[in-house]
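> For the sequence shown, position 56 (counting from the first letter as 1) is numbered 56 according to the UniProt record's numbering, and the numbering increases by one without interruption. Don't be surprised by glycine CBs; every beta carbon is placed ideally from N, CA and C. Please read through the structure below; I'll follow up with questions.
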Amino acid sequence: SGEPISCRLSGIAGGIEICITFPTEYVKTQLQLDEKANPPKYKGIVDCVKQTVNGHGVRGLYRGLSSLLYGSIPKAAVRFGVFEFLSNKMRDEKGRLDSTRGLFCGLGAGVAEAVLIVCPMETVKVKFIHDQTSANPKYKGFFHGVREIIRVEGLKGTYQGLTATVLKQGSNQAIRFYVMTSLRNWYKGDDPNKAINPLITGLFGAVAGAASVFGNTPLDVVKTRMQGLEAHKYKSTLDCAMKIMKHEGPKAFYKGTVPRLGRVCMDVAIVFIIYEEVVKVLNIVWKTD
1 SGEPISCRLS
11 GIAGGIEICI
21 TFPTEYVKTQ
31 LQLDEKANPP
41 KYKGIVDCVK
51 QTVNGHGVRG
61 LYRGLSSLLY
71 GSIPKAAVRF
81 GVFEFLSNKM
91 RDEKGRLDST
101 RGLFCGLGAG
111 VAEAVLIVCP
121 METVKVKFIH
131 DQTSANPKYK
141 GFFHGVREII
151 RVEGLKGTYQ
161 GLTATVLKQG
171 SNQAIRFYVM
181 TSLRNWYKGD
191 DPNKAINPLI
201 TGLFGAVAGA
211 ASVFGNTPLD
221 VVKTRMQGLE
231 AHKYKSTLDC
241 AMKIMKHEGP
251 KAFYKGTVPR
261 LGRVCMDVAI
271 VFIIYEEVVK
281 VLNIVWKTD
């Protein structure tokens with residue numbers, strides 16, 4: 001089947017996009033780690049970029065990139081593979097997937113990618129970014145860092161914040177695929193075979209990405225805190241959320257929204273365009289053969 005090939009190609013698209021937009025991911029994570037309870041290190045986005053470049057050069061903005069890069073292809077493969085598998089079982093007799101079923105398929109895809117790929121990948125990324133602000137950074141590179149995390153904390157050290165990650169990824173993909181399915185069905189109307197221009201797909205993807213950012217940034221903030229070097233301060237995901245609310249107020253749950261918005265909208269738009277276009281080509285090739 002063409003599914004594995006299209007999944008790999010959407011993963012490569014995601015990898016290219018991450019290389020371009022990773023500094024926004026770095027800034028988002030630093031702002032989310034920056035606790036109001038302690039004296040904050042950063043006054044905002046610009047100050048975070050300035051301090052990082054002054055202290056570590058432009059390369060400092062790419063700290064933790066490798067973990068996302070190595071995980072981008074398997075993550076996309078799991079996400080779209082599980083979504084295709086579930087959606088094929090849930091389509092009606094006309095091959096149409098309604099938005100509610102799209103939401104459940106997205107939820108399943110998000111939970112699967114969280115458990116198999118995203119949680120260890122994000123834990124390593126957050127620890128790398130947090131480590132750079134320590135007085136004596138201890139991770140020399142990706143493989144050395146992973147070895148150190150496993151040596152000191154065991155394999156469970158790469159699975160910090162699993163509950164928060166499952167909640168975040170599950171809601172993320174549920175919102176994205178719900179919005180994407182709704183917009184696609186609205187655009188196609190009564191003609192399920194109506195072609196969608198790649199630019200329209202990109203626009204729908206950006207809207208779906210923005211909806212997921214506003215819908216689940218609070219879970220992303222909790223996840224980041226649960227995966228940082230200070231995670232031992234929290235007894236559980238709920239305890240972490242309650243401590244943020246108590247010491248920093250509701251605004252803290254939307255830290256990093258602006259840098260995350262830019263990256264996620266571009267990410268979702270690019271990956272959906274590549275995925276849709278590859279599926280179109282593969283459908284022609286497979287039907288012709």
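For Lys156, which of Met226, Met90, Asp190 and Arg59 has the nearest alpha-carbon?
For the purposes of this step, residue 156 is identified with residue 156 of the sequence shown, where counting begins at 1. The shortest C-alpha separation from Lys156 is found at Met226.
> So, at 7 Å on beta carbons, what are the nonlocal neighbours of Cys240 in its own chain, with the 5 sequence-adjacent residues on each side left out?
Along the sequence shown, read from residue 1 onward, the residue named residue 240 stands at position 240. For Cys240, where only same-chain residues beyond five positions count, the Cβ hits under 7 Å are Val222, Arg225, Met226 and Tyr234.
> What would DSSP say about Lys50, mapped onto helix, strand or coil?
Looking up residue 50 in the sequence shown gives position 50. Note: Lys50 maps to helix in three-state DSSP.
> Within this structure, are the beta carbons of Tyr254 and Pro218 separated by less than 9 Å?
In the sequence shown, counting from the first residue as 1, residue 254 sits at position 254. In the sequence shown, counting from the first residue as 1, residue 218 sits at position 218. Going by C-beta atoms, Tyr254 is nearer than 9 Å to Pro218.
> Is the region 82 to 92 touching the region 162 to 169, taking contact as three or more C-beta pairs under 8 Å?
Too few Cβ pairs lie closer than 8 Å, so no.
> Please classify Ser1 as buried or exposed, where buried requires at least 16 neighbouring CB atoms within 10 angstroms.
Along the sequence shown, one-based indexing puts residue 1 at 1. With a pLDDT of 48 at Ser1, under the threshold of 50, the modelled position of that residue is not reliable, and the figure given next carries that caveat. So Ser1 counts as exposed.
> Terminal residues of the continuous alpha helix (DSSP H) containing Tyr70?
The residue you call residue 70 lines up with position 70 of the sequence shown. That run of the alpha helix (DSSP H) goes Leu65 to Met90.
> Measuring CA to CA, which of Ala195, Asn136 and Arg184 is closest to Phe204?
Taking the first residue of the sequence shown as 1, we reach residue 204 at position 204. Selected option, being the one with the closest Cα: Arg184.
> Can you tell me the Cα-Cα spacing of Ile284 and Glu277, whole angstroms?
Numbered from its first residue, the sequence shown carries residue 284 at position 284. Numbered from its first residue, the sequence shown carries residue 277 at position 277. Roughly 11 Å separates the two Cα atoms.
> Taking the alpha helix (DSSP H) that Lys251 falls in, what are its first and last residues?
Here residue 251 corresponds to residue number 251 of the sequence shown, with the count starting at 1. Note, Lys251: premise wrong, no alpha helix (DSSP H); not H, not E.
> Taking only runs that begin and end inside the region 155 to 193, name each unbroken alpha helix (DSSP H) of 4 or more residues, in chain order.
Counting only runs of 4 or more, we get 162 to 188.
> Should Thr288 be labelled buried (16 or more other beta-carbon atoms within 10 Å of its own) or exposed?
The count along the sequence shown starts at 1 and reaches residue 288 at position 288. Low per-residue confidence applies at Thr288: pLDDT is 41, beneath 50, and the placement is therefore not dependable enough to give any value.
> Applying the 10 Å Cβ sphere with the 16-neighbour rule, what's the burial state of Lys130?
Stepping through the sequence shown from its first residue, residue 130 is reached at position 130. Residue identity differs from the one stated: residue 130 is His in this sequence, not Lys. Result: buried.
> Using only alpha-carbon positions, find the residue among Ser182, Ala208, Val58 and Lys188 that is nearest to Thr100.
As a first step, residue 100 is located in the sequence shown; it is residue number 100 there, counting from the start. Of the candidates Ser182, Ala208, Val58 and Lys188, the one whose C-alpha sits nearest the C-alpha of Thr100 is Ser182.
> So what does DSSP say about Thr224, is it helix, strand or coil?
Along the sequence shown, one-based indexing puts residue 224 at 224. Reduced to three states, the DSSP call for Thr224 is helix.
> Please state whether DSSP places Arg96 in a helix, a strand or coil.
To locate residue 96, count along the sequence shown from 1; it is residue 96. DSSP places Arg96 in coil when its eight states are reduced to three.
> For the putative contact between Leu68 and Ile150, defined by C-beta atoms under 8 Å, what is the C-beta separation to the nearest angstrom?
On the sequence shown, position 68 is the one that residue 68 refers to. On the sequence shown, position 150 is the one that residue 150 refers to. So it is not a contact: roughly 19 Å between Cβ atoms.
> Measuring only the C-alpha atoms, how far is Met242 from Ile270?
Your numbering for residue 242 matches position 242 in the sequence shown. Your numbering for residue 270 matches position 270 in the sequence shown. Those two C-alpha atoms are separated by around 36 Å.
> Quick one, which of Val166, Pro250 and Val213 has its alpha-carbon nearest Val118's?
If you number the sequence shown from 1, residue 118 lands on position 118. Considering only alpha carbons, the answer is Val166.
> Which residues in the same chain have their Cβ closer than 7 Å to the Cβ of Ala114, if we skip the five residues on either side of it in sequence?
Working through the sequence shown from its first residue, we reach residue 114 at position 114. Closer than 7 Å at the Cβ level, and outside the excluded window around Ala114, lie Thr165, Val166, Gln169 and Gly170.
> Alpha carbon to alpha carbon, how far is Lys125 from Leu65?
As a working mapping, residue 125 is identified with position 125 in the sequence shown. As a working mapping, residue 65 is identified with position 65 in the sequence shown. Whole-angstrom Cα-Cα distance: 7 Å.
> Between Ala77 and Leu107, what straight-line distance do the alpha-carbon atoms span, to the nearest angstrom?
The sequence position of residue 77 within the sequence shown is 77, counting from 1. The sequence position of residue 107 within the sequence shown is 107, counting from 1. One C-alpha to the other measures close to 15 Å.
> If we call anything under 9 Å between Cβ atoms a contact, is Pro259 one with Ile45?
The residue you call residue 259 lines up with position 259 of the sequence shown. The residue you call residue 45 lines up with position 45 of the sequence shown. Yes, the Cβ-Cβ distance between Pro259 and Ile45 is below 9 Å.
> Check for me: the alpha helix (DSSP H) holding Ile117 runs from which residue to which?
Against the sequence shown, residue 117 aligns to sequence position 117. Where Ile117 is concerned, there is no enclosing alpha helix (DSSP H), given that its DSSP letter is neither H nor E.
> Arg151 lies in the alpha helix (DSSP H); which residues open and close that run?
Translated into positions along the sequence shown, residue 151 becomes position 151. Phe142 to Glu153 is the span of the alpha helix (DSSP H), which, as asked, contains Arg151.
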